[in-house]
Amino acid sequence: MAAPLSELEHLRIRAALEDLNTAFCYYLDHDDVDALLELFVDDVYYTHGSRVSRGRAELEKVFRSRSATETRTSRHLYSGLKLDIESTTRARGTSVCMTFGQYGEPPLSPAIPTLVADFVDAYVRGDDGKWRFKERHIHRIFVAPDNTGPLGEKR
Numbered sequence: 188m189a190a191p192l193s194e195l196e197h198l199r200i201r202a203a204l205e206d207l208n209t210a211f212c213y214y215l216d217h218d219d220v221d222a223l224l225e226l227f228v229d230d231v232y233y234t235h236g237s238r239v240s241r242g243r244a245e246l247e248k249v250f251r252s253r254s255a256t257e258t259r260t261s262r263h264l265y266s267g268l269k270l271d272i273e274s275t276t277r278a279r280g281t282s283v284c285m286t287f288g289q290y291g292e293p294p295l296s297p298a299i300p301t302l303v304a305d306f307v308d309a310y311v312r313g314d315d316g317k318w319r320f321k322e323r324h325i326h327r328i329f330v331a332p333d334n335t336g337p338l339g340e341k342r
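Spelled out as structure tokens, the structure:
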């Protein structure tokens with residue numbers, strides 16, 4: 188059995204995972220797909236509704252399709268990060284994300300959330316010391332009437 192984490196190590200891991208979740212929202216909202224993909228392990232398992240992405244290559248297609256035909260403006264606000272730090276290299280977490288999204292250049296109106304979702308995550312720390320998403324599952328909780336489903340979902 189591994190020794191319990193020190194308070195300092197626990198806080199360092201927590202800060203790193205908060206930064207990881209913040210970076211996800213920032214890079215997604217600013218269409219920085221290359222930086223966004225670096226937040227995931229190569230064999231990531233990512234789900235949103237019926238859309239399932241296995242591996243970084245599949246996930247890249249999803250993220251690039253968001254703005255492939257026209258400008259996609261979004262803001263993802265996450266809150267309530269609850270962590271279960273299992274070891275110095277593994278953790279699990281849940282949070283809530285509220286999304287505003289429309290096609291077009293800002294400023295856009297009206298400012299109505301398109302989705303409130305639960306994020307359920309598994310994190311791993313790589314040999315390089317960086318924490319990454321091993322899994323992310325997006326569970327849709329509140330959905331705006333005009334939200335037709337996850338972008339990139341096969342219909």
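Our numbering puts the first residue of the sequence shown at 188, with every later residue one more than the last.
From the three backbone atoms N, C-alpha and C, an ideal C-beta is built for every residue, glycine too.
Output yes or no for whether 7 Å exceeds the beta carbon distance between residue i and residue j.
i	j	result
Gly-267	Ser-254	no
Val-303	Ile-328	yes
Tyr-214	Arg-259	no
Pro-337	His-235	yes
Leaving aside the five residues before and after residue i along the sequence, list all residues of the same chain whose C-beta is less than 7 Å from its C-beta, in chain order.
i	result
Asp-216	Ser-261, Arg-262 and His-263
Ile-325	Thr-234, His-235, Ala-304 and Phe-306
For residue i, name the three-state secondary structure that DSSP assigns.
i	result
Ala-309	strand
His-235	strand
Leu-198	helix
Thr-209	helix
Ser-274	coil
In chain order, what residues of the same chain lie with their CB nearer than 8 Å to the CB of residue i, ignoring the 5 residues before and after it?
i	result
Gly-242	Asp-229, Asp-230 and Val-231
Leu-224	Arg-243, Leu-246, Glu-247 and Phe-250
Taking only the alpha-carbon atoms, compute the straight-line gap between residue i and residue j and give it to the nearest angstrom.
i	j	result
Ser-252	Thr-276	32 Å
Pro-293	Thr-256	17 Å
In chain order, what residues of the same chain have a beta carbon less than 6 Å from the beta carbon of residue i, not counting five sequence neighbours either side?
i	result
Tyr-265	Asn-208, Cys-212, Ser-282 and Cys-284
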